[in-house]
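In the working numbering, the protein residues as written are -14 to 272.
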């Protein structure tokens, strides 16, 4: 496939998705990011149907105008990330955007997105998966939509419930060979695993909060049997790309695309260490 054409098409979808109001689980931001990564496994595999699905899916939503939002704000004379954290906790979107406008004068927008990722993990905001996709897509588009991306993240964080932060001193390391597969938790676990292994400016704090969150997940399993296919072990992540290419278009859906990309990312990070366990989790999901 033509790499530049694919990038242009997905960049346009991403920009449009920043102006969509949708439930987190089916938001086009998730789908655009997932399609980008699945296609990126091997550009020699023709995924024109997947791109068409992504374009049509993104275009199926109504758009909300956010242009110029940061231009009409009153930035406080002194601001810090602590100020932004307080306004987000209070669900005060106007004050949060005021703080963002002030921070943009003294801080890199990329750093602000990382802080929003850290906040959403620390307070267990359901929006954390969207913020993570925003972070990854901004790398893909060379940070061309930073302001719109930050506004998007703030909107979703302030409108969703968060949990009070509690540091119980419990920390659990990622050990996929002991993870008890659960439809309720596996998506979060896979996202945490990817974030955990990303080179981030705010890595130390983000890692700490992930360790705390993971401590509430069941990692008590032992002597687990694995269930893999020969083709999966032979092709590795490419199997995911081939699987979705050969899938009937009528069977494509947002959750399938999103989850397949989560497993792709986990396999990339695992680099052989937990591959059989990850394939087993994927096969449990697909059955």
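Using N, Cα and C, we set each Cβ at its ideal position, and we do this for glycine too. Model, not experiment: these values are computed from the prediction.
Within its own chain, the residues whose Cβ lies closer than 7 Å to the Cβ of residue 253, once the five positions on either side in sequence are excluded, are 222, listed in chain order. Scanning its chain for C-beta atoms nearer than 6 Å, with the 5 sequence neighbours on each side dropped, one finds around residue 194 the residues 106, 107, in chain order. A buried status is given to residue 15, since no fewer than 16 other beta-carbon atoms sit within 10 Å of its beta-carbon. Residues of the same chain with a CB within less than 8 Å of the CB of residue 28, apart from the 5 flanking positions on each side, are -14, -12, -9 in chain order.
Within the same chain, -5, -2, -1, 2, 39, 43, 122 come within 7 Å of residue 17 by CB-CB distance, once the 5 residues on both sides are set aside. Note that the C-beta distance between residue 217 and residue 176 is not below 7 Å.
In this structure, the alpha-carbon of residue 129 lies about 43 Å from that of residue 211. In this structure, DSSP gives residue 199 a helical state, which the three-state scheme calls helix. Within its own chain, the residues whose Cβ lies closer than 7 Å to the Cβ of residue 81, once the five positions on either side in sequence are excluded, are 69, 72, 73, 139, 143, listed in chain order. For residue 48, the secondary structure class from DSSP, reduced to helix, strand or coil, is strand.
Approximately 7 Å separates the beta-carbon atoms of residue 172 and residue 244; this is inside 8 Å, confirming the contact. Going by C-alpha positions, residue 234 is about 42 Å away from residue 149.
Here residue 163 really is in contact with residue 205; their C-beta atoms are around 7 Å apart, less than 8 Å. Per DSSP, reduced to three states, the secondary structure at residue 5 is strand. For the pair residue 272 and residue 265, the Cα-to-Cα distance works out to about 11 Å. Annotation: residue 95 to residue 119 spans about 10 Å, alpha carbon to alpha carbon. Secondary structure note for residue 265: its alpha helix (DSSP H) is the uninterrupted segment 260 to 271. The C-beta of residue 104 has 16 or more other C-beta atoms within 10 Å across all chains shown, which makes the residue buried.
Pairing residue 131 with residue 116 gives a Cβ-Cβ distance that is not under 7 Å. With fewer than 16 other beta carbons inside 10 angstroms of its own, residue 201 counts as exposed.
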